[in-house]
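Colleague:
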Amino acid sequence: MYDTLIVGGQYPNFDTGKLERAEIALKEGKIAAILPAGECPQATKVIDATGMVVSPGFIDMHMHEEEFKDGSHSYDIAEYMARQGVTTCLAGNCGQQNHRLADFKAILADNGGAPVNYIMLAGYNSLREEEGLGWYEAIGPDKQAKVLDKLKEELEEGAWGLSFGLEYSPGISAQEMTQAVQAVKGYDPFVSIHFRADCEECMASLQEMAQLSRDTGCRVQVSHLSSLAGTAHNMPQSLDFLAGEIEKNPLLGYDTYPYCAFSTGIGTAVFDMDWREKWGVDYDIILLLHEPYAGQRCTKELYEKVRRETPEAHVVAFAMDEESIRAAIAHPAGLLGSDGGITDGTGHPRCAGTFPRILGKYVREEKALTLMEALDKMTRRAARRIGLPTKGQIREGMDADLVIFDPDTISDGATFTDITLPNRGIEAVLVSGVVTVEGSTLTGALPGRFLSRKG
Ligand SMILES: [Zn+2]
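Numbering (the working numbering), first residue to last: 0 to 454.
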C-alpha cells in the first residue's frame, strides 16, 4: 500500500536522456517505486498526471530568504517559489543574510515547517555590517577576527557555505575574501559571489572569482551572470572565459535568471557611481515597485527623491539585452536561479515566474535549450552542485520532491507591474510526498525544512 500514486505521466530519465512513461509510487516522503505504465497498485491517494511531465522538484540555486519583520512569521517569497514548482532553495546570497541561522531555524520550527526546503549560506556582508563596518571600509585585524568567529558559528549552525556581495561592499578586498573562505575551508563551503563590478570591469570580476576558487580549492559560484555580463554586451566573452575555466577547474560554476532587468535597493552602492554613463542609459530604465510610485519609471527628480527618502526600496532596472540572457540560460556550463526576493510585498517577477518562464519562453517557444537540458539544470545538476544526494532525480529511495506540469502550456504569469498573476501549466507540487500546491493554489501544508549541512 503506497501513500500516493502518480499515474499517466512522463518523467525525465537522465540516464537515458529521455522522458519516459511510468507510474510513480510514493511512501513516507520517498519515491518508493517506478512502475511500468499501466500498473496500478493500491494507494491512499492517486494523482492523475496524464499528458504531464512529472519532474523532480526544481532547485533554485540563488534565492533570497524571507525577512521576518515586526513579529510576523508568515511566508511570502517561499510561497511564490512553491507556486512555480520550486521545492528546495539555496538562500542567503549576495552577502546578505536576513536572520542569523539560529533565529531563522527557530522561526521555521515555530511555524511547523515551510512551503519549500531551505539551504542557507552565511551572508558575509551582513556579518561584516554587524561589526559596524561601512560599505567602503577596509577591515582591521580585530574586527576581522570577530567576523570570522561569527562566520564559523553560522557554519556550525548548518550553513552550507557563505556568500559575498562585492558590489554592495567594495571594501571587501580579494585578500579579505580569500581569508574568510580559508578560515572555513574545513567545512567544504559552497561560496557564492555577487560580482565586484560590471561593464569594463566584468572580465576582471570573473577573473577574481575564478582565482578565489583556484587559490582556496573551494566551490565558487558566480551569481546571476545575467546581471554581470548582460549590461554591456560582455556575455559572449564571459561565457567563453567561464567555459574554459570550468573545464580546468570544475569547482567553478555560475547561475543565471531569465529576465532583461535586475533588481536591487535604490540606496545601495550599485547606484553610487555614474551608472547612466556606465550602462549608456537614462533614468527611465528604473521602474519603481513600491507605493505611491509603483509602476512609475524614474525621472531625474523622482530618482533622487526616492533614493534620498526610501533608500531601502527595491527597484527594477532594465539594463540588459535579451540575447545575453538567452545565451547564459542555454550554455551547458550554467545553472539556473531566480535571485528572487520580496520586500514589503513587492519584488521583481523573477521571484514568481523564473522556472515556468524558462520552460515556456526559452524551451518551448524559442528552443534555446531542450526540455531535458533545462530540467537537468533545474534538478539533477543543481542537486549535485550543492551536494544533495537524495534530491534532483526520480529514482527509488530519493526524496519525493516533485513538480507535475504540462509541457505544452507551462509559462510565467508574473509581470513587472503585477507579480501576483499566476503561472500557467503547473498542476501540482510535492515536498517530501506532501502536496504544497494544487494548480496555482497553495494547500497550506508546510513540509519544507531547514536542511543543515551538518545533517
Ligand atoms: Zn546579487
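Glycine is no exception: its CB is placed at the ideal position from the N, C-alpha and C atoms. None of these values were measured; they are calculated from a predicted model.
Are residue 26 and residue 1 closer than 8 Å when you measure CB to CB?
Modeller: Cβ distance < 8 Å, so residue 26 and residue 1 count as in contact.
Colleague: Could you have a look at residue 296 and say whether DSSP puts it in helix, strand or coil?
Modeller: Residue 296: strand per DSSP, three-state reduction.
Colleague: Looking at C-beta atoms only, is the number of pairs between the stretch 345 to 353 and the stretch 415 to 424 that lie closer than 8 Å three or more?
Modeller: A contact exists between the stretch 345 to 353 and the stretch 415 to 424.
Colleague: What do you reckon, are the CB atoms on residue 451 and residue 56 nearer than 8 Å?
Modeller: Taking 8 Å as the Cβ cut-off, residue 451 and residue 56 do not qualify as a contacting pair.
Colleague: Among the candidates 164, 301, 198 and 449, whose CA atom is the shortest distance from the CA of residue 278?
Modeller: Of 164, 301, 198 and 449, the residue nearest in Cα terms is 198.
Colleague: Going straight from the alpha carbon of residue 75 to that of residue 341, what length do you get?
Modeller: The alpha-carbon atoms of residue 75 and residue 341 are separated by roughly 7 Å.
Colleague: Under 7 Å from any heavy atom of ligand 1, does the C-beta of residue 193 make it?
Modeller: The answer is yes for residue 193.
Colleague: Following the continuous beta strand (DSSP E) through residue 22, name the residue where it begins and the one where it ends.
Modeller: First-last of the beta strand (DSSP E) with residue 22: 22 to 26.
Colleague: Can you say whether residue 307 is buried or exposed, counting buried as having 16 or more other CB atoms within 10 angstroms of its CB?
Modeller: The residue is exposed, with fewer than 16 neighbouring Cβ atoms inside 10 Å.
Colleague: Three-state secondary structure (DSSP) at residue 138?
Modeller: Three-state result, residue 138: coil.
Colleague: Using 8 Å as the threshold, is the stretch 221 to 233 in touch with the stretch 251 to 267, meaning 3 or more CB pairs across them?
Modeller: They touch, by the three-pair rule.
Colleague: Decide if the stretch 11 to 23 is in contact with the stretch 174 to 188; the criterion is three or more beta carbon pairs, one per stretch, under 8 Å apart.
Modeller: Segments in contact, no.
Colleague: Assess, as a yes-or-no matter, whether the stretch 75 to 84 is touched by the stretch 166 to 173 under the definition of 3 or more beta carbon pairs within less than 8 Å.
Modeller: No: fewer than three Cβ pairs fall under 8 Å.
Colleague: Tell me, to the nearest whole angstrom, how far the beta carbon of residue 442 is from that of residue 434; I am working on the premise that it is less than 8 Å.
Modeller: Between residue 434 and residue 442 the Cβ distance is about 5 Å, and since that is below 8 Å, they are a contact.
Colleague: Can you tell me which of the three DSSP states residue 12 falls into?
Modeller: Residue state, collapsed to three classes: strand.
Colleague: So, residue 58 versus residue 377, is the Cβ gap smaller than 8 Å?
Modeller: In this structure, residue 377 lies closer than 8 Å to residue 58 by Cβ.
Colleague: Hey, could you find the ends of the beta strand (DSSP E) residue 226 is sitting in?
Modeller: Segment 224 to 228 is the alpha helix (DSSP H) holding residue 226; no beta strand (DSSP E) there.
Colleague: Where does residue 359 land, buried or exposed, given buried means 16+ other C-beta within 10 angstroms?
Modeller: Buried, by the Cβ-count rule.
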